[in-house]
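First comes the structure, then the notes that go with it.
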Ligand SMILES: [Fe+2]
C-alpha cells in the first residue's frame, strides 16, 4: 500500500484533519447570501443551508448519539436534517427541503459549530479502535461528498436565473489537504 494513502492516526492529527474538512463547506458558503443558501432550485437539489446542517446531523446521528447519555443539540433537527436513513427516524422529503425556513442560516451555522465542538471532544476521548476510525472516515467522506453536492446544487440554482449570476467571483479550488488523495480535476463548464 502506498504510504500516502494511509490514514493519519493520533488524536491531534485527527482534530486537524476534521477541522480542515469541516471548514471547506463553510468556506463555500462565505459570500453567498441567506437567499442563495435557502433556495431549492428543483426537487432533486437541496438548499445549501440543508447541506450545512445535514452533514452536521450525520456526525450526531452516526457517532455522538452512540453514547446512551448523549443529548442532541436540538432533538427537532433529527427529523429536519435526516436524508434517507429510515432506520434513524422520520425525515423531511427531499423535494420539501426548501420549505424549511427555520432554523435560519445563522442558527444552522451555530449548530454546525456546536457539533464541531462536540466532535473535537469526542476525538480527544474516543479510543482509536477500528470502529471509531471507520466512523470518523465515514463522516469526513460524507462531508466531502456533500461539498460536491453543495457546489452542484448552487450551480443549478444560479443557472435558473435570467440574470446569469456567478456564485463565486473566483472559482473555488480544491483544498491542499486533498492533493495527496487525488485532488480536483479542472474542466470547462
Ligand atoms: Fe448525506
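In the numbering used here, the protein residues as written are 223 to 411.
Each residue gets a CB set at the ideal place from its N, CA and C atoms; glycine is no exception.
Contact set for residue i: own chain, Cβ-Cβ below 6 angstroms, skip 5 residues either direction
{"i": "residue 369", "result": "246 and 247"}
{"i": "residue 303", "result": "275, 276 and 279"}
{"i": "residue 233", "result": "345 and 346"}
{"i": "residue 229", "result": "Unreliable positioning characterises residue 229 in this predicted model, as indicated by a pLDDT of 46, which lies under 50. The coordinate reading is nonetheless provided below. Within the same chain, residue 229 has no close Cβ partners at all."}
{"i": "residue 365", "result": "243 and 277"}
Heavy atom of ligand 1 within 7 angstroms of residue i beta-carbon
{"i": "residue 350", "result": "no"}
{"i": "residue 280", "result": "yes"}
{"i": "residue 276", "result": "yes"}
{"i": "residue 263", "result": "no"}
{"i": "residue 305", "result": "yes"}
{"i": "residue 364", "result": "yes"}
{"i": "residue 368", "result": "yes"}
Cβ-based burial, residue i [other Cβ within 10 Å; buried from 16]
{"i": "residue 282", "result": "buried"}
{"i": "residue 317", "result": "exposed"}
{"i": "residue 321", "result": "exposed"}
{"i": "residue 262", "result": "buried"}
{"i": "residue 175", "result": "Residue 175 cannot be examined here, being either before or after the span of the chain that is shown, 223 to 411."}
{"i": "residue 350", "result": "exposed"}
{"i": "residue 375", "result": "buried"}
{"i": "residue 227", "result": "With a pLDDT of 39 at residue 227, under the threshold of 50, the predicted position of this residue should be treated as unreliable, though the coordinate-derived value follows. The residue is exposed, with fewer than 16 neighbouring Cβ atoms inside 10 Å."}
{"i": "residue 260", "result": "buried"}
{"i": "residue 311", "result": "exposed"}
{"i": "residue 348", "result": "buried"}
{"i": "residue 334", "result": "buried"}
{"i": "residue 240", "result": "buried"}
Same chain only: Cβ atoms within 8 angstroms of residue i, ignoring 5 sequence neighbours per side
{"i": "residue 294", "result": "282, 287 and 300"}
Residue i: first and last residue of the uninterrupted alpha helix (DSSP H) it sits in
{"i": "residue 341", "result": "327-347"}
{"i": "residue 321", "result": "Looking at the DSSP string, residue 321 is not in any alpha helix (DSSP H), and its letter there is neither H nor E."}
{"i": "residue 240", "result": "233-251"}
{"i": "residue 282", "result": "270-284"}
Cutoff 7 angstroms; reference residue i; Cβ partners in own chain excluding five residues on either side
{"i": "residue 382", "result": "263"}
Is the stretch 377-395 touching the stretch 251-258, taking contact as three or more C-beta pairs under 8 angstroms?
yes
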